[in-house]
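See below for the structure under consideration.
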Amino acid sequence: MSEGTFLTREGCDRLKEELKILKTVKRREIASALEKARQLGDLSENAEYDSAKQSQAINEKRIRELEEKILTARILDNESISSDKAYIGAKLKLVDIDSKEEIDYMLVSEDEADYGQNRISISSPVGKALLGRKIGDIVNIKVPAGALRYKITGISR
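Written as structure tokens, this is what we have:
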């Protein structure tokens, strides 16, 4: 991950907040669970202890991942990125050619993707198909559920 991860300022802030919670709240919860499990006696056959240790390992791994991502993050400066084409950080207005439904998406890195908030990863099929496109382009996208056809009606930052 030496090249860094592209993140929006908001995305970087969310990762920092998650890291803070994992290092404080989650670590305390796991330490408490480990202490309770130790009090149950023999650790060699203690399922609660094994579960708490596994939670601890997962938490520490995620902490290391987040620290690395934050350390190598390349924060997007929207002012220096062209707004006439769809690049990472762009907010797109689309119209579904078939249903005429209007859709808003923001192109983001995998770490920031959240379909529920219409933040799609540039590595997803939809994100890949939209990258580099401009207003007026009609984009045909193959997805597991079939095919999508969108017209790009707006790009902003």
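The sequence shown begins at 61 in the working numbering and counts up one residue at a time. Idealized CB from N, CA, C, for every residue including glycine. Since this is a predicted model, take the numbers as computed values, not measurements.
Could you have a look at residue i and say whether DSSP puts it in helix, strand or coil?
i: Lys121; result: helix
i: Ile198; result: strand
i: Glu161; result: coil
i: Thr213; result: strand
i: Arg134; result: strand
i: Asp229; result: The requested residue 229 does not occur in the structure, where the chain is confined to residues 61 to 217.
i: Ser169; result: coil
i: Ala207; result: strand
i: Glu78; result: helix
i: Arg179; result: strand
i: Asp73; result: helix
Return the CA-CA distance between residue i and residue j, expressed in angstroms with no decimal places.
i: Ala189; j: Arg87; result: 41 Å
i: Gly214; j: Tyr147; result: 13 Å
i: Pro185; j: Ile201; result: 7 Å
i: Met166; j: Leu103; result: 49 Å
i: Lys58; j: Ile130; result: Here the chain covers residues 61 to 217 and nothing more, so residue 58 does not appear.
i: Gly196; j: Lys153; result: 11 Å
i: Val203; j: Glu128; result: 32 Å
i: Tyr109; j: Gly206; result: 46 Å
i: Ala107; j: Leu94; result: 11 Å
Count the other CB atoms, across all protein chains shown, that sit within 10 Å of the CB of residue i; report buried if there are 16 or more and exposed otherwise.
i: Ser62; result: For Ser62, the pLDDT reaches just 46, beneath the cut-off of 50, and the residue's location in the model is therefore unreliable, although a value from the coordinates is still provided. By the 10 Å Cβ count, Ser62 comes out exposed.
i: Glu77; result: exposed
i: Leu136; result: buried
i: Thr65; result: buried
i: Ser169; result: buried
i: Leu100; result: exposed
Would residue i pass as a contact of residue j if the rule is Cβ separation under 8 Å?
i: Ile182; j: Lys194; result: no
i: Tyr210; j: Asp156; result: yes
i: Arg124; j: Leu82; result: no
i: Arg217; j: Ser143; result: yes
i: Asn178; j: Asp164; result: yes
i: Leu126; j: Leu75; result: yes
i: Ala133; j: Ala112; result: no
Where do the ends of the alpha helix (DSSP H) carrying residue i lie?
i: Ala189; result: Pro185 to Leu190
i: Lys96; result: Arg87 to Arg98
Consider the Cβ of residue i: report whether some Cβ of chain B lies at a distance smaller than 8 Å.
i: Gly196; result: Although the question refers to chain B, the structure presented lacks it and comprises just one protein chain.
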